[in-house]
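Note that this note's numbering has the sequence shown beginning at 71, numbered continuously upward. All C-beta atoms, glycine included, are put in the ideal place defined by N, C-alpha and C. From a predicted model like this one, the values you see are computed outputs, not experimental measurements. Below is one structure, written out as structure tokens, with a few remarks after it.
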Amino acid sequence: MEKILVTGAGGFLGRYIVKLLLSKGHSVHGLGRAVHDDLIEQGVVWHQCDIRDAQAVQAATKGVDAVIHCASKIAMWGDWNDFVAINIQGTNNIINACLQNGVKKLVYTSTPSVVFGKESIEGGDEKMPYPKNSVSRYGRSKALAENNVLSVDQTKLYTCALRPHLIFGPGDDHLVPRLVEAAKAGRLKIIGNGENKVDVIAVENAAVAHVQALEALGEGSPVNAQAYFIAQNEPVKLWEFTNTLLKLHGQDTLVKSIPFSLAYSIGACCELFAKIFRIKTDNLPMTRFVAMQLGKSHWFKHNKAQNHFSYDPRLSTQQALKQYGESLNY
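Here it is as structure tokens:
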């Protein structure tokens, strides 16, 4: 039995990781800004703190064997300083605390957005470099944080990073609710020809991958200092998948579309407007990054994760969608 700290333990993915770790008999500690009594009742030792608070992070990691770092600022827009403070400096605080407290392992929840530039990606792999000019503040901040995690001296702390994409499943409080809200308001339209393919991942599969990677880290392991794309076995057509989710929520499917070039131009105008008028928000009607995420293909090979720590999605996409549909109260 190991003592494992999960940051962002009260979040969507964090909760599934906590549940899996508890089922394996580990002593689980959770870290987050809010207190989650339901997790405490399940036996989780809770540390209420912000990862930007270096001293609090130091205290939370004392006596811990390993850390799974899920906490992050996820937004399509926002103040760059906020992304730096949370995603970069917050992650540095985790790294430094692990090193100072003798923590053995660190798994970092990254994102495929770290390599997403301006063109479609079809069958990409981990050899892809970080883009020089990312239009995503989120992606750029995660890339810098990921690089810091993987650059750690592996004789002092074993580290790796996982890049799950479009996590879905029961308990989702981020991705699908926003899609449904936008569809209800008439703001969601197909961008491009609707044929673009993307990776998605069931939340249970994402949680399993994190625990598998954690267990694989160690002296001489090929997992040390490596990044991994993780997803379902096959990519999906984004807009077919979106319409399936909307139908599960009792919403009309999307038919109307706009050209990618128009969506991208609207995104550029929204960003310029926000900069000129110094509008502080995490959400704009459209951004260049959102246009590319919705109008371009971006899917990756997963052979490396399969070879290094036997990653194999236990839930198929259809099984996961069925499970998600059954969890809805309609």
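Neighbourhood of Ile-74 by C-beta, 8 Å cutoff - its chain only, sequence neighbours within 5 removed: Non-local C-beta neighbours of Ile-74 in its own chain, meaning closer than 8 Å and more than five positions away in sequence, comprise Leu-91, His-96, Ser-97, Val-98, His-99, Val-134, Asp-135, Ala-136, Val-137, Ile-138, Leu-284, ordered along the chain.
Under the three-state DSSP convention, the category Val-278 falls into: Residue state, collapsed to three classes: helix.
Proximity below 8 Å, CB of Ile-336 to CB of Lys-259: The answer is no: Cβ separation not under 8 Å.
Completely contained beta strand (DSSP E) runs for the stretch 213-252, where each covers 3 or more residues: Entirely contained in the stretch 213-252, the beta strand (DSSP E) runs reaching 3 residues are, in chain order, 228-234.
Lys-73 - DSSP class collapsed to helix/strand/coil: Of the three classes helix, strand and coil, the one that applies to Lys-73 here is strand, per DSSP.
Helix, strand or coil at Val-360 according to DSSP, with G and I counted as helix: DSSP, read as helix, strand or coil, puts Val-360 in helix.
Beta-carbon gap between Val-114 and Ala-79 smaller than 8 Å: Val-114 places its beta carbon less than 8 Å from that of Ala-79.
Coil, strand or helix - Leu-385 by DSSP: DSSP places Leu-385 in coil when its eight states are reduced to three.
For Lys-307: DSSP bridge partner residues: Paired residues: Lys-267.
Cβ-based neighbour list, Tyr-381, same chain, cut-off 7 Å, excluding 5 preceding and 5 following: Only residues of its own chain outside the window of five on either side were considered, and among them Ala-279, Gln-282, Ile-300, His-372, Ala-375 have a CB closer than 7 Å to the CB of Tyr-381, listed in chain order.
Beta-bridge pairing of Ala-272 - partner residues as DSSP gives them: Partner(s): Phe-238.
8 Å Cβ cutoff met for Ala-277 and Ile-87: Going by C-beta atoms, Ala-277 is nearer than 8 Å to Ile-87.
Helix, strand or coil at Leu-83 according to DSSP, with G and I counted as helix: DSSP places Leu-83 in the helix class (H, G or I) of the three-state scheme.
Glu-396 (DSSP reduced to helix, strand or coil): Reduced to three states, the DSSP call for Glu-396 is helix.
Reduced DSSP category for Ser-97 - H, G, I as helix; E, B as strand; rest coil: In the structure shown, Ser-97 adopts extended strand secondary structure according to DSSP, grouped into three states.
Buried versus exposed call for Thr-225 [16 or more other C-beta atoms within 10 Å across all chains shown]: Exposed: under 16 other Cβ atoms inside 10 Å.
Cβ neighbour criterion (16 or more within 10 Å) applied to Pro-247: Exposed: under 16 other Cβ atoms inside 10 Å.
Helix, strand or coil at Gly-320 [DSSP, three-state]: Coil, per DSSP.
Boundaries (first-last residue) of the beta strand (DSSP E) holding Gly-337: Boundaries for Gly-337: no beta strand (DSSP E) harbours it, while the alpha helix (DSSP H) harbouring it runs 330-346, taken from the DSSP string.
Euclidean distance between Cα positions of Ala-272 and Asn-303: Distance between the alpha carbons of Ala-272 and Asn-303: 11 Å.
C-alpha distance - Met-146 paired with Ala-297, whole-angstrom precision: Cα-Cα distance, rounded: 22 Å.
Rounded separation between Val-306 and Phe-370 - CA only: Looking at the two C-alpha atoms, the distance is approximately 12 Å.
Identity of the residues DSSP links to Ala-297 by a beta bridge: Paired residues: Ala-231.
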